[in-house]
Amino acid sequence: MRIAALLKDRCQPKKCNRECMRFCPKMRTGVEVIVVGERGKPIISEELCAGCGICVHKCPFEAIKIIGLADELKGEMVHQYGENSFRLYRLPVPKKGMVTGILGPNGIGKTTAIKMLSGAELPNLGRYEDPPDKEEVLDHYSGTELHTFLSGVYQEGVAVATKPQYVDKLPQVHSGEVRTLLERVEERMTIAQAAAAFELEEVIARPLDKLSGGELQRVAMAATVMREADVYFFDEPSSYLDIYQRVKAARVIRELSEDRQVVVIEHDLAVLDFLADNVNVVYGEEGAYGVFTQGRQVRTAINVYLNGYLPEENIRFRDRAIEFSMSPPRGEWVTGDLVSYQGLGKDFGQFSLQVGPGTIKEGESVGIVGPNATGKTTFVKMLAGVLEADSGSVDADIKVSYKPQYITPDFEGTLKDLLHSSAFEVVQSGFFQTEVMEPLALKHLLGKRVKNLSGGELQRAAIAICLAREADIYLLDEPSAYLDSNQRMNAARTVRRVMEKSGKSALVVDHDIYFLDMVSDSMMVFGGEPGRRGVGEGPMEMRLGMNRFLKEVDITFRRDADTHRPRINKPDSRLDREQKGKGEYYYA
Numbered sequence: 057m058r059i060a061a062l063l064k065d066r067c068q069p070k071k072c073n074r075e076c077m078r079f080c081p082k083m084r085t086g087v088e089v090i091v092v093g094e095r096g097k098p099i100i101s102e103e104l105c106a107g108c109g110i111c112v113h114k115c116p117f118e119a120i121k122i123i124g125l126a127d128e129l130k131g132e133m134v135h136q137y138g139e140n141s142f143r144l145y146r147l148p149v150p151k152k153g154m155v156t157g158i159l160g161p162n163g164i165g166k167t168t169a170i171k172m173l174s175g176a177e178l179p180n181l182g183r184y185e186d187p188p189d190k191e192e193v194l195d196h197y198s199g200t201e202l203h204t205f206l207s208g209v210y211q212e213g214v215a216v217a218t219k220p221q222y223v224d225k226l227p228q229v230h231s232g233e234v235r236t237l238l239e240r241v242e243e244r245m246t247i248a249q250a251a252a253a254f255e256l257e258e259v260i261a262r263p264l265d266k267l268s269g270g271e272l273q274r275v276a277m278a279a280t281v282m283r284e285a286d287v288y289f290f291d292e293p294s295s296y297l298d299i300y301q302r303v304k305a306a307r308v309i310r311e312l313s314e315d316r317q318v319v320v321i322e323h324d325l326a327v328l329d330f331l332a333d334n335v336n337v338v339y340g341e342e343g344a345y346g347v348f349t350q351g352r353q354v355r356t357a358i359n360v361y362l363n364g365y366l367p368e369e370n371i372r373f374r375d376r377a378i379e380f381s382m383s384p385p386r387g388e389w390v391t392g393d394l395v396s397y398q399g400l401g402k403d404f405g406q407f408s409l410q411v412g413p414g415t416i417k418e419g420e421s422v423g424i425v426g427p428n429a430t431g432k433t434t435f436v437k438m439l440a441g442v443l444e445a446d447s448g449s450v451d452a453d454i455k456v457s458y459k460p461q462y463i464t465p466d467f468e469g470t471l472k473d474l475l476h477s478s479a480f481e482v483v484q485s486g487f488f489q490t491e492v493m494e495p496l497a498l499k500h501l502l503g504k505r506v507k508n509l510s511g512g513e514l515q516r517a518a519i520a521i522c523l524a525r526e527a528d529i530y531l532l533d534e535p536s537a538y539l540d541s542n543q544r545m546n547a548a549r550t551v552r553r554v555m556e557k558s559g560k561s562a563l564v565v566d567h568d569i570y571f572l573d574m575v576s577d578s579m580m581v582f583g584g585e586p587g588r589r590g591v592g593e594g595p596m597e598m599r600l601g602m603n604r605f606l607k608e609v610d611i612t613f614r615r616d617a618d619t620h621r622p623r624i625n626k627p628d629s630r631l632d633r634e635q636k637g638k639g640e641y642y643y644a
């Protein structure tokens with residue numbers, strides 16, 4: 057089976073010479089494989105296409121994808137948005153008493169699947185010109201588990217609750233205080249119970265538009281679990297949350313699944329491993345197609361995803377496996393000092409921060425961990441010169457490149473214009489193109505206006521801009537936000553390689569354990585009382601830093617026997633007790 061996909065946001069017919077039509081062998085013989093459609097963009101006949109792939113390689117904007125799929129998928133199409141548009145194959149089936157996880161890259165139909173399962177959108181089964189009604193959809197899935205589930209949603213009034221992906225848009229949909237929003241959904245939990253479960257006591261009377269990303273995420277989670285529903289959908293519940301909050305939210309979701317159906321899309325693999333029972337891996341190509349695989353036990357599914365190969369279907373969807381180190385990085389950093397700081401302090405009145413003395417070495421990548429609202433971003437801003445310390449000093453005359461936590465797309469031009477205005481010579485270099493632009497997949501975003509970039513696209517662009525500037529130290533604040541699992545691994549490897557090959561240093565604030573595991577040589581640990589008092593220590597040896605932090609969070613990690621990836625131990629399990637007894641919370 058052959059499908060042809062046109063990525064409409066890339067196709068620019070006014071800037072090309074219709075290479076797709078000019079070089080098509082069948083078009084030269086008079087067969088109209090490609091015709092001009094809406095707004096001058098081509099329409100490719102999948103029945104007449106020979107699958108030679110010449111148009112794919114000749115298109116100057118790489119806007120065409122000709123893909124060969126297994127014939128078995130032909131009758132399993134769930135939805136197609138239009139001719140030569142994205143199509144989705146198969147759907148996961150939620151099961152009562154279990155958390156069903158969904159794992160895959162952005163842009164291949166995970167959120168679309170949730171819309172189909174929740175009843176927010178009706179599958180058209182590929183009939184985009186003559187979409188079926190609910191009865192036809194149910195007839196199509198007759199005799200399957202999906203029929204039983206969808207008939208409940210369509211006909212039996214099964215209640216559904218959904219936590220949306222982009223919680224930063226919550227203030228645009230709901231106005232007023234947090235309490236006002238929660239009062240509307242006060243069903244299976246009281247406001248007091250939800251506030252305690254998600255640590256919202258201090259923000260309950262605050263307007264929604266005054267909340268941080270982490271606070272908005274917890275409010276959205278609370279509003280979802282407070283509703284009385286039969287099926288719960290959580291789209292990326294860990295974004296903006298620190299490790300402690302992620303684990304706490306995961307436990308609340310697991311409690312929900314005891315007598316209900318729960319579906320979770322999650323890119324933090326450590327949290328997904330802890331949270332889910334079964335996981336459906338999704339593979340495909342962004343903007344072209346997505347295929348849901350059968351559910352697997354969570355450990356097996358994540359290992360398959362990291363390996364990039366589906367043995368049952370004989371499909372490889374990643375060029376090489378993602379690997380983790382079994383043992384911690386070397387403990388002693390032997391290069392010269394780049395920057396030293398002496399007892400940095402900052403007092404905002406309601407919140408104060410005190411960071412002990414420390415030294416960052418040349419070429420060292422330092423990961424920064426700790427709960428939200430304990431001063432990590434404040435410390436980074438003091439080093440970057442964005443904030444001035446009230447006490448202490450920074451002993452260095454260095455150039456700093458800073459990627460902030462919250463990115464505001466206020467540039468009027470395209471991404472290419474922004475990159476060139478930031479550092480033209482660096483951006484043009486072969487090193488930057490190979491080591492930054494390619495792994496971050498920015499080539500096709502260069503012509504897009506910065507204001508039109510999605511959250512993930514904007515994040516990748518901000519990382520590239522930060523690395524493009526000439527600097528001695530690169531400060532990246534939460535670079536994994538809005539990135540899918542693949543993009544997180546690529547971003548971590550990118551930062552790591554740039555630091556190693558350039559001999560520069562990096563300071564990375566993040567909450568994704570896998571990301572920090574791949575990028576860090578040493579750790580800084582922040583603690584204190586969130587929102588009131590922050591205390592920072594380090595940099596310190598990686599093993600010591602992770603153990604100190606995870607002891608405060610009260611969780612331990614083991615290493616998977618096959619992939620060596622970190623896995624959260626079940627609370628009070630044998631391994632959890634043994635590792636706590638040894639003081640080895642991370643590297644066992």
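Residues in the sequence shown are numbered from 57 upward in steps of one, following this note's numbering.
Glycine included, each C-beta is placed from N, C-alpha and C at the ideal position.
Residues that DSSP places opposite residue i in a beta bridge
i           : result
residue 642 : Answer is none; residue 642 lacks a bridge partner.
residue 123 : 59
residue 449 : 398
residue 79  : Residue 79 is not bridged to any residue.
residue 596 : 579
residue 348 : 338
Sequence-distant residues of the same chain with beta carbon closer than 7 Å to residue i, five excluded per side
i           : result
residue 603 : 639, 640, 641 and 642
residue 313 : 153, 154 and 155
residue 94  : none
residue 362 : 377, 378, 619 and 621
residue 614 : 623, 625, 631 and 644
residue 80  : 89, 90, 110 and 111
Proximity below 9 Å, CB of residue i to CB of residue j
i           : j           : result
residue 538 : residue 561 : no
residue 600 : residue 580 : no
residue 592 : residue 412 : yes
residue 97  : residue 67  : yes
residue 111 : residue 122 : yes
residue 461 : residue 269 : yes
residue 291 : residue 228 : no
residue 144 : residue 165 : yes
residue 38  : residue 457 : Nothing about residue 38 can be reported from this structure: the residues present for the chain run from 57 to 644 only.
residue 436 : residue 281 : no
Cβ neighbours of residue i in the same chain (closer than 6 Å, five flanking residues each side left out)
i           : result
residue 450 : 397
residue 421 : 555, 562, 575, 576 and 577
residue 57  : 125, 127 and 130
residue 542 : 161
residue 175 : 209
Nearest candidate by alpha-carbon position, reference residue i, set the options
i           : options               : result
residue 349 : 339, 343 and 358      : 339
residue 466 : 518, 426 and 399      : 518
residue 571 : 337, 583, 589 and 547 : 547
residue 320 : 288, 181 and 469      : 288
residue 295 : 441, 540 and 212      : 540
residue 263 : 237, 176, 107 and 325 : 237
residue 283 : 119, 255 and 242      : 242
residue 586 : 617, 433 and 354      : 433
residue 552 : 583, 533, 492 and 595 : 492
residue 470 : 345, 214 and 508      : 508
residue 351 : 157, 502 and 522      : 157
residue 367 : 341, 337 and 629      : 337
residue 500 : 59, 299, 106 and 118  : 118
Backbone secondary structure at residue i - three-state DSSP
i           : result
residue 563 : strand
residue 464 : coil
residue 98  : strand
residue 541 : helix
residue 367 : coil
residue 234 : helix
residue 289 : strand
residue 270 : helix
residue 577 : coil
residue 195 : helix
residue 334 : strand
residue 513 : helix
residue 459 : strand
residue 220 : coil
residue 531 : strand
residue 557 : helix
residue 409 : strand
residue 356 : helix
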